[in-house]
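Residue numbers (our numbering): 57 to 727. C-beta atoms are modelled at their ideal positions from N, C-alpha and C, and glycine is treated no differently. Computed from a prediction, not measured in an experiment: that's the story for all the values here. Here's the structure, in structure tokens; my notes come after.
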């Protein structure tokens, strides 16, 4: 439908012409004549004219002859008949906030309406609304929206920390943020931190860089995050200094990263007292790319390399095994392998996905306090762990207790007050059993033991070999040093009482009223549907009330789809933050982590991943599969480092500005 009108000087409509949407002649404006654009114009003359007479519009002429086929049942597809009303918009906003895809939300609305023909809009209309809705995205003006979001979060909770780095043109270079809960959790779980930038981001080419720790359940927990403009030493130094400033100058004991030279240099500058280790998972993923072309890669080289990495229990064993690997397969000239050997002290075992959710942590806490896992033995040591450990960690202890039956202890000799034992252990690797002998040092006077398997030092879980010695020596009271506060359930951790503030999708006054009315309606409907009388009564009353309110409804309360967002925070901003320059890329892999060429090829071929070859590895790899795959360094003092100055930065939300209103945004959508 098309409409033309003429108005008087005072704005009064003089006459109106309403015509068929297919009226007029088609104009081919395509630049390529071989690919003309489709057109709906057929020069249809159907129309209706009306003129203002005595304050009323009177129809003067009607031409109802169309020169094209009509289909009244499909008229709902015309733009004038499509409308996403307020109730639908609220459903779409809620579902989008919950991460439900548009197609699923649309099909749910269709099902509720009883079919597509009863829905006055299409899936594309829903997508258009969500695209235009007030959600935080790093699109045009996205940096300013991010700036405003940080200001709101700072106002809602002064424990929220954020920092932005700008270039000379006030364009965003890097950004860091951490909420109050993450800052509080760092005081408990900041001994070992992982830092990874292999996650893809938006069109600005800014890698997402999370700082991740491990909580008392063995779950990953976010300790802060950033977006950086480039992966060079300067950018990493800025980000690490921002994070150090956020954590009151307290550096982690250990930080785990991938093999990035710029990252290594920045860590040495900002965290000089912190242990830096490489993620072994990242290293081994490069093996097919770096060594796959070797003629003997599948004929012993791969298994020999894995055995060297996983089966070596001492430095001497590793050195001998590495030398044998190079001599056997003539790898002395392999630059990658030799550089790896030169930095061997940076390797560490770590493989744990980023899956932190506060609700999961709360649910696990609830399970630990309300459900008790029965003991599987009569050992007093197991009962002690049952009383004080979280369920997830107690299960790991039970795995070690079950492993005692495969251990055989032999006394070797005494060195002063230290008794040296050999512990034979059996490890099942799919279709065969492998026997491994460990050396264990035991001070009976101090009830202190150390095993070369290093499970306690690495995972914070006492190993089966130490438990076997304790059982043989009739140790009834477990030393406190083997019960880590990190895994205890009887300790109140203050960070769990810190609420996390999330921006609501829509915080307008009418939205709050809408939700209040909706909650009451749901209860009324539940009670009314029990009888026909109640149903008819509530319907008639609602119709009557709606007629009264509809006639008195203010005209300015009807908002349009994708209306503009008003934000009071922009008035208090002293500087406008510009978005980074858009980076034109040649496409990205579908997954959210950057992969090497060989890894992409292997994924396409759906071949078996490297680390799944359990029959070619030793005890240490099996231990990784049995236990939570997260390293915990114990009995280490935290390194300290003074807070250093940063480059030109903006401290967000620290100017005391208190907003009057705030629009809703989705904080996670820009990640």
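Among 491, 489, 526, nearest to residue 501 - alpha-carbon criterion: The shortest C-alpha separation from residue 501 is found at 526.
Simplified DSSP assignment, three categories, for residue 495: If DSSP states are grouped into helix, strand and coil, residue 495 belongs with the strands.
6 Å Cβ shell around residue 61 - same chain, five flanking residues per side excluded: Within the same chain, residue 61 has close Cβ partners 69, 72.
Limits of the unbroken beta strand (DSSP E) element including residue 589: Where residue 589 is concerned, there is no enclosing beta strand (DSSP E), although the alpha helix (DSSP H) around it starts and stops at 588-607.
Three or more C-beta pairs below 8 Å linking the stretch 460-473 and the stretch 511-525: These segments touch.
Unbroken alpha helix (DSSP H) run spanning residue 447, endpoints: Residue 447 -> alpha helix (DSSP H) spans 447-458.
Helix, strand or coil at residue 232 [DSSP, three-state]: Strand, per DSSP.
Bridge partner(s) assigned by DSSP for residue 105: Note: residue 105 sits in a beta bridge opposite 73, 117.
Limits of the unbroken beta strand (DSSP E) element including residue 533: Careful: residue 533 lies outside any beta strand (DSSP E) and carries neither H nor E.
Contact set for residue 672: own chain, Cβ-Cβ below 6 Å, skip 5 residues either direction: With a pLDDT of 37 at residue 672, under the threshold of 50, the modelled position of that residue is not reliable, and the figure given next carries that caveat. Excluding sequence neighbours, residue 672 sits near 359, 362.
Unbroken beta strand (DSSP E) run spanning residue 283, endpoints: Segment 276-284, the beta strand (DSSP E) holding residue 283.
CB contact flag (residue 206, residue 302, <7 Å): Not closer than 7 Å, so no.
Beta bridge counterpart(s) of residue 471 as assigned by DSSP: Answer is 474.
C-beta contact flag for residue 137 and residue 131 at 7 Å: Yes. Within cutoff.
Residue 264, enclosing beta strand (DSSP E) - first and last residue: DSSP places residue 264 inside the beta strand (DSSP E), whose first and last residues are 264-270.
Extent of the continuous beta strand (DSSP E) to which residue 130 belongs: The continuous stretches of beta strand (DSSP E) do not include residue 130, and DSSP gives it neither H nor E.
Distance CB(residue 493)-CB(residue 480) smaller than 7 Å: Yes. Within cutoff.
Buried/exposed call for residue 605, threshold 16 Cβ in 10 Å: Exposed, because fewer than 16 other Cβ atoms sit within 10 Å of the Cβ of residue 605.
Residue 148 vs residue 114 beta-carbon contact at 7 Å: No. Outside cutoff.
Own chain, CB closer than 8 Å to residue 154, minus 5 neighbours either side, in chain order: Once the five neighbours on either side are set aside, residue 154 has no close Cβ partner at all.
Given residue 249 as reference, the closest of 223, 188, 201, 314 once Cα atoms are compared: The shortest CA-to-CA distance from residue 249 to any of 223, 188, 201, 314 is the one to 314.
Runs of alpha helix (DSSP H) wholly within the stretch 310-343 (minimum 4 residues, chain order): The alpha helix (DSSP H) runs lying completely inside the stretch 310-343 and spanning 4 residues or more are 317-326, 336-341, given in chain order.
Contact check, residue 482 vs residue 491, beta carbons under 7 Å: Yes, these two residues count as a Cβ contact at 7 Å.
Supposed close pair residue 296, residue 327 - CB separation, criterion 8 Å: Taking a contact as a CB-CB distance under 8 Å, the pair residue 296 and residue 327 counts as one, their CB atoms being some 7 Å apart.
Every unbroken alpha helix (DSSP H) inside the stretch 126-176 [4 residues or more]: As far as the stretch 126-176 is concerned, its whole alpha helix (DSSP H) runs of at least 4 residues are 142-153, 158-169.
Anticipated Cβ contact below 8 Å, residue 81 with residue 97, distance rounded: Beta-carbon to beta-carbon, residue 81 and residue 97 are separated by about 6 Å, close enough to satisfy the 8 Å threshold.
DSSP-derived helix/strand/coil call for residue 489: Looking at residue 489 - three-state DSSP - the assignment turns out to be strand.
Three-state secondary structure assigned by DSSP to residue 464: Strand.
Sequence-distant residues of the same chain with beta carbon closer than 8 Å to residue 729, five excluded per side: Nothing in the structure corresponds to residue 729, since the chain is present only between 57 and 727.
Unbroken alpha helix (DSSP H) run spanning residue 439, endpoints: Annotation: the continuous alpha helix (DSSP H) that includes residue 439 extends over 436-444.
For residue 293, the first and last residue of its enclosing beta strand (DSSP E): From DSSP, residue 293 is part of no beta strand (DSSP E) but of the alpha helix (DSSP H) over 289-302.
Residue 118 burial status per 10 Å Cβ neighbour count (16 or more: buried): Here residue 118 is exposed. Its C-beta has fewer than 16 other C-beta atoms within 10 Å.
Inter-residue spacing [alpha-carbon to alpha-carbon] between residue 377 and residue 455: Going from the Cα of residue 377 to the Cα of residue 455 covers about 30 Å.
Distance between residue 179 and residue 64 (C-alpha atoms, nearest Å): A straight line joining the alpha-carbon of residue 64 with that of residue 179 spans about 40 Å.
Pick from 237, 370, 357 that is closest to residue 507, judged by C-alpha positions: The option with the nearest alpha carbon to residue 507 is 370.
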